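Report on one structure; see the data block that follows.
Protein chains in written order, with the working numbering: chain C, 1 to 217; chain V, 1001 to 1217.
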């Protein structure tokens, strides 16, 4: 019984990891759409989000079955509940990638991000994608060290967001209100992707160690 | 056993309703701080968010105890898992109120929202607060009709958000980039509060009817 249970739990964590990879693709493609003004790639991110939603539902059903049939307690129960939360956060990261893709699509054939903000915005996108990449490994390996390291990257994202604000609020900002609003919202989306990555990593720390890092959202 | 279980489940729903009321206060006070530039009220929203976080933790612990000790299955299990999700969403609505309060605080003694956008922004805040007020009742009464009605209000919020964008993207927008960015982000925060209210209402529908409305996030 216990062995079958462990197998099923492992299978759920493998699913979470797979969803994380889908999210990474979504973040990466949304960024490409954003930086190149490619409508086709933007559409792909938007339409493929349904696959992430379905994958989430499958994980939820698996977790419910396990809760119902195996009646886990203590650590096993907390692990399963944590898995349910992680899948909700991963799905939300997919939604945020869709938001990025929609900003890109709205400005096609132009590019939403003006040249002088591109280095900062590209860095934000890279940090977000890197955090998603690493959280996939954190889940797959239940790697506490890597999860703790991920939490520190959140500060990098904060700094980048502040830098982008400094640029668009400068007196000599030449691109008007629309571009500024796009950048503020895009910054918010990438920051939220990063927040969720940290939160998922913190849940893995909790599952492995039984201790809740303070930053679990 | 079953009776004690029902009592404990009712107590969790009463807690959720109480947290909803705390969130409503947070949304209401954040809006007051925003529209009047009152730093003290903004600080209060920010500092009182810790109470919402603690209330969430207490509900989580209660739910875990119930899952561990009573080993619910089927409907009872789904209800408890739904409660865990609802409390996470309510807490997030508190966080979003803090974001509104922080924008208010950043602009003190000025007011972040210029006069001509105030009617729209005030409506957004009112709609958000009204949705929180109603979701408190939806939880307390497990009222499916009211929950369904709540879902329809989400469209009103979308319309208001588009109206605010039309204003700040108009050629004759006189308030510069900073005010526009504030309004875009504030609109996003109120919209997310509304989204979460709908999502909580949808979970109540699921708990009562066993059917998942499509908009459950």
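We put the beta carbon where it would ideally sit given N, CA and C, even for glycine.
Because the structure is a prediction, the values reported are computed rather than measured.
{"query": "Span separating the alpha-carbon of residue 1075 (chain V) from that of residue 1092 (chain V)", "result": "26 Å"}
{"query": "Residues near residue 137 (chain C) in its chain [Cβ-Cβ closer than 7 Å; skip 5 each side]", "result": "143 and 146"}
{"query": "Cβ of residue 78 (chain C) within 9 Å of any chain V Cβ", "result": "yes"}
{"query": "Residue range of the unbroken alpha helix (DSSP H) whose run includes residue 94 (chain C)", "result": "74-107"}
{"query": "Minimum Cβ-Cβ distance from residue 146 (chain C) to chain V less than 9 Å", "result": "no"}
{"query": "Cα-Cα separation, residue 1194 (chain V) to residue 120 (chain C)", "result": "31 Å"}
{"query": "Whether residue 72 (chain C) touches residue 80 (chain C) by CB criterion (9 Å)", "result": "yes"}
{"query": "Helix, strand or coil at residue 196 (chain C) [DSSP, three-state]", "result": "helix"}
{"query": "Chain V residues whose Cβ lies nearer than 9 Å to that of residue 68 (chain C)", "result": "1072, 1073, 1074 and 1077"}
{"query": "Under 9 Å between C-beta atoms of residue 1108 (chain V) and residue 1042 (chain V)", "result": "yes"}
{"query": "Straight-line Cα distance separating residue 1162 (chain V) from residue 1127 (chain V)", "result": "14 Å"}
{"query": "C-beta neighbour in chain C for residue 1020 (chain V), strict 9 Å", "result": "no"}
{"query": "Element boundaries [alpha helix (DSSP H), containing residue 1002 (chain V)]", "result": "1002-1036"}
{"query": "Contact the stretch 26-40 of chain C vs the stretch 5-12 of chain C: 3+ CB pairs below 8 Å", "result": "no"}
{"query": "Residue range of the unbroken alpha helix (DSSP H) whose run includes residue 1162 (chain V)", "result": "1144-1168"}
{"query": "Burial state of residue 31 (chain C), where buried means 16 or more other Cβ atoms lie within 10 Å", "result": "buried"}
{"query": "Selection of the stretch 169-192 of chain C by Cβ proximity to chain V, strictly under 7 Å", "result": "169, 173, 177, 178, 180, 181, 184, 185 and 188"}
{"query": "Through-space distance from residue 33 (chain C) to residue 96 (chain C), alpha-carbon basis", "result": "14 Å"}
{"query": "Close-in-space but distant-in-sequence residues of the same chain around residue 90 (chain C) (CB under 8 Å, 5 per side omitted)", "result": "16, 19, 20, 23, 52, 56, 196 and 200"}
{"query": "CB of residue 1098 (chain V) within 9 Å of CB of residue 1059 (chain V), strictly", "result": "no"}
{"query": "Between the CA atoms of residue 69 (chain C) and residue 1049 (chain V) - distance to the nearest angstrom", "result": "38 Å"}
{"query": "Minimum Cβ-Cβ distance from residue 81 (chain C) to chain V less than 9 Å", "result": "yes"}
{"query": "First through last residue of the alpha helix (DSSP H) which encompasses residue 70 (chain C)", "result": "39-70"}
{"query": "9 Å Cβ cut-off: residues of chain V touching residue 206 (chain C)", "result": "Result: empty, since nearest Cβ-Cβ is about 12 Å, beyond 9 Å."}
{"query": "As assigned by DSSP and simplified to three states, the class of residue 113 (chain C)", "result": "coil"}
{"query": "Own chain residues within Cβ distance below 7 Å of residue 1067 (chain V), not counting five before or after", "result": "1080"}
{"query": "Buried or exposed (CB count within 10 angstroms, at least 16 for buried), residue 1164 (chain V)", "result": "buried"}
{"query": "Spatial distance of residue 207 (chain C) from residue 82 (chain C) (CA atoms)", "result": "7 Å"}
{"query": "Chain C contact residues for residue 1084 (chain V), given Cβ-Cβ distances below 7 Å", "result": "81"}
{"query": "Cα-Cα separation, residue 183 (chain C) to residue 1103 (chain V)", "result": "17 Å"}
{"query": "Nonlocal neighbours in the same chain, by C-beta distance under 7 Å from residue 45 (chain C), ignoring five residues either side", "result": "26, 29, 30, 33, 97, 98 and 101"}
{"query": "Below-9 Å beta-carbon distance, residue 1088 (chain V) vs any chain C residue", "result": "yes"}
{"query": "Neighbour-count burial assignment, residue 167 (chain C), 16 or more Cβ in a 10 Å radius", "result": "buried"}
{"query": "Endpoints, alpha helix (DSSP H) assigned at residue 130 (chain C)", "result": "118-141"}
{"query": "Proximity test, Cβ basis, 9 Å: residue 1165 (chain V) and chain C", "result": "yes"}
{"query": "Pair within 9 Å by beta-carbon distance, residue 37 (chain C) and residue 111 (chain C)", "result": "yes"}
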